[in-house]
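To start, the structure itself, in structure tokens.
Numbering (this note's numbering), first residue to last: -18 to 1081.
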């Protein structure tokens, strides 16, 4: 009993003793876990989504957000950004000190008024800018999409993109932006395929083929998706846009693997048909957003330089106050006197500087937006217009920025003759002339095409042609026109192009022949692929490459049109003349036996077709000249002509063919089928079998296709190059395409070479390639994204040194993240200012990282335009934006800021001289309204009118872009110019104060009147001396300020003696002091202008 009671008594004691040791860590752990829960970044995790069921997990909202602030963070963040500047923080402390009676000087409103005005202007500007961003985001987020439903009668409901959630099944129509990351479930095409445009995501112009999940594609209609038990497992969100891992299972069956071909990423565009998909990632978890950086508050270089100067001025205030205290002596409450001196001299750091600069920035932005020569320009960030005047590197996207993404067929070379736009019609005539020969052996209504339904006796069926091997006798003697025909036929067959249909235009996709009767009973041969009701019918095509579409469209123009294609066959339409001169359509049908798609490794594309009429089997191959030159038979013109076309900026393709016998093809089919079933080294074995055919092929032609440039790109790039701006092209497109555009756009100068850095994967390879490039000085550099990563990993400083010294750099196959990294590397390595220009969602990170981001409003979206600091409709506007508006903004802000600093320095000099003369007293020389009026009413308008000044005209700035080079050196605002203005201020302040002290007679109020009047006159004259080009508003500002001060002299009897003001004595004293303070400066300026004029004066 005693033991029990003893144990029960000791147990609580033990517990109580342990309480402090246990609870404290628990409390800390609880607070720490709450902190992590509320503020830690969201954990990205894999998920399983069930079709037709709402998800219980919470995922980010599907919103595009370019705003910097929200309702809660707006005021704290804006104030934090403002008080990061030493200038504003200093004046906040000065204003707060006025609540302490012992150190109060004058009226509190003289400190709180200017500070409050500055903050209100800044807060208002930031609020307007962010509200505009919110409105633009709301416009995009409000775009409506069809979301599948169970109960609704039409089977869907229209919802804005911001309301879409993970697990929703939506329908995306043709030419609609994909609002979130989807797994593709069904398409309008029976094969389950759909083409998407991804240039807003990765910059590639090629259309991408995407495939629906086979199990869901087999369903009869979209509503059946709700009646199956299926789920999709999805990997955790990541930023790799080229890979995806997932699985699909239905009704408890085996899982089907999903890859990137089964996805539609956000901000891609459906190119044709409709697509039904299930949302897997939303908002900040989409691939598009994860490749973008968060918008940041950009601070201009000029603002940082001014921030540094204000720190120097603060040291001057402390130094001057300390000198005064040393003269006065550190007796009594010396710290109080010390602080009063700091307050008296605080005007050396002008609070009005921020107001004037912010108002100037707003004015520059207004001028940019209202320039008639660059209409459509929008300034989205009004805080950094001066940055446009200091740019050393322009980093631009290719697709949609430099180019229009429109391929145009420009030239074809047949070995002995070359054709271009001027002679293409000759090829059309040749085709029509040869048509009767080609159709000679044909029998109407017979052949592989079959006959249609002859519903009327007056109807004539279309000609289904059975062609026989042309000129199969003596292959050394070809009839005239043979080369043209074979080249056109090869281009019409060797591709991956598919005719597309638009139901709104009454087009369909069937490949069967039908007969329709036109009005009046006349016959009209038609094809259901395209209802041929007009000879001028334009056909629409889809393909993975716009180059191929350009080739196929050209063959249609010269008389051989692709009208139908499926997996196994292809139909061409050929026009031939009847006896009466009318055109009649003949159909050439081909069976597709094999297709070898283009890859970046092989650099070529091939197809094997069988003519349905003659049974002839032909292997067609087209590709880059570097690989095709060793495949085709010997010739003496291919290398030279391909080089000529490349120098013209054309994208070249070499086309060749080989006729196969049945035995040869059967042997090839056996071997390639075995290779495709191989478990090990399948890719290499398949390539080896294909290469066995690629020998001694007959060269047919060399084609040149131009990616049409944006208007004015060539002169704009030349202007930038002459202005000392280095242009880098960062693109997600292929290396060959990037090189072609670099040449055609003249990104690379006429006398500059082009060095392509080979693909490197190891440190040794990178070392060798960089050494090779080092030997080629003056050459532009071309490098791929993969090689860039390797070079930066092992030789970052060396690579950046070589690249930044290169006249131009082209980075191809760049991911959106890599683009931003390149910008950041240039900023850190060179310390120069960068400008990024782009038009797609894949350019947003680059635009936000650059010191000045310029978005172009492209065809496929406004994401880059919305994210940019500046928005322009076309690339050519960048020249005037930099050379004219950037120059003016920087020059004007530099002059304005230095003059405002001078205005503060001169009045501080007056105060210092006054205090030193009058027994080191800490009494203000100018009380109350005079101090406020000096920097506002009396001098604000003339000083601010400096934003209208310009050193050269816009025509001169564009005509002589070399003038822009000096701006990057920052000579308009430097420590040298700053200390020149300091000396000017000390001289003028000393002259005014000592002049007033010498010339005054009886009363202290006369000193105030003489010195203040001389001060105002000096400031007005100094503005006139600073102006380089007069504007009528400048004259009005000067006259208005002078009139305002004269009225004040008559009204403010508290500060001025009325009788003394109207005396001649006052007039001559003020005139003499003003003359002595200004005349020497005018003489110095005149002599300097004559002896050492600036470069712009030499031109004008």
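Glycine residues also receive a C-beta, built at the ideal position from the N, C-alpha and C atoms.
Close beta carbons around residue i, own chain, < 8 Å, minus the five adjacent residues each side
i: residue 608; result: 583, 584, 585
i: residue 350; result: 358, 359, 360
i: residue 991; result: 976, 977, 980, 981, 1047, 1050, 1051, 1054
i: residue 195; result: 173, 237
i: residue 691; result: 382, 383, 384, 385, 855, 856, 857
i: residue 620; result: 606, 610
i: residue 862; result: 349, 355, 358, 369, 835, 851, 853
Counterpart residues of residue i in DSSP-defined beta bridges
i: residue 682; result: 636
i: residue 141; result: 125
i: residue 793; result: 765
i: residue 541; result: 555
i: residue 833; result: 816
i: residue 480; result: 522
i: residue 31; result: 212
i: residue 851; result: 360, 835
i: residue 188; result: 178
i: residue 530; result: Answer is none; residue 530 lacks a bridge partner.
i: residue 999; result: None, per the DSSP bridge assignment.
i: residue 613; result: 678
Same chain, Cβ closer than 6 Å to residue i, neighbours up to 5 away in sequence not counted
i: residue 646; result: 598
i: residue 249; result: 159, 177, 179, 182
i: residue 772; result: 747, 780
i: residue 31; result: 212
i: residue 606; result: 623, 633, 635
i: residue 261; result: 162, 164, 215
i: residue 271; result: 220
i: residue 576; result: 588
i: residue 327; result: 75
i: residue 279; result: 365
i: residue 117; result: 847
Closest Cα partner of residue i within the set the options
i: residue 43; options: 1030, 263, 919; result: 263
i: residue 710; options: 685, 644, 793; result: 793
i: residue 244; options: 161, 205, 300; result: 161
i: residue 379; options: 613, 725, 1057; result: 725
i: residue 813; options: 768, 533, 962, 951; result: 951
i: residue 553; options: 637, 201, 471; result: 471
i: residue 570; options: 254, 541, 577, 942; result: 541
i: residue 978; options: 900, 895, 1000; result: 895
i: residue 468; options: 963, 679, 550; result: 679
i: residue 908; options: 901, 892, 900; result: 892
i: residue 961; options: 69, 883, 930; result: 883
i: residue 68; options: 111, 141, 333; result: 333
Outcome for residue i when other beta-carbon atoms lying within 10 angstroms are tallied against a minimum of 16
i: residue 708; result: buried
i: residue 317; result: exposed
i: residue 24; result: exposed
i: residue 403; result: exposed
i: residue 1064; result: exposed
i: residue 1083; result: Nothing can be reported for residue 1083, as the shown portion of the chain is limited to -18 through 1081.
i: residue 1034; result: exposed
i: residue 1044; result: exposed
i: residue 1072; result: exposed
Chain B contact for residue i (CB, 8 Å cutoff)
i: residue 948; result: No chain B is part of this structure, which consists of one protein chain only.
Cβ-based neighbour list, residue i, same chain, cut-off 7 Å, excluding 5 preceding and 5 following
i: residue 874; result: 283, 338, 341, 367
i: residue 297; result: 329
Residue i Cβ short of 7 Å to the ligand GDP heavy atom set
i: residue 709; result: The model depicted lacks the ligand GDP and carries no ligand whatsoever.
What are the complete alpha helix (DSSP H) segments, minimum 4 residues, inside the region 55 to 99?
55 to 64, 67 to 78
Practice problem: Tell me the start and end of each unbroken alpha helix (DSSP H) in the region 1020 to 1044 that is at least 4 residues and wholly inside, in chain order. | Solution: 1039 to 1042, all fully within the region 1020 to 1044.
Write down every uninterrupted run of the alpha helix (DSSP H) in the region 395 to 420 whose length is 4 residues or greater and which is fully enclosed by it, in chain order.
405 to 419
Practice item. Can you check the region 649 to 735 for any alpha helix (DSSP H) of at least 4 residues that lies completely inside it and give the ranges in chain order? Key: The DSSP assignment places 663 to 672, 694 to 703, 716 to 725 as complete runs of the alpha helix (DSSP H) inside the region 649 to 735, in order along the chain (cut-off: 4 residues).
Starting from the N-terminal side, write out each stretch of the alpha helix (DSSP H) that is 4 residues or longer and does not extend beyond the region 322 to 370. Within the region 322 to 370, the complete alpha helix (DSSP H) segments of 4 residues or longer fall at 333 to 350, listed in chain order.
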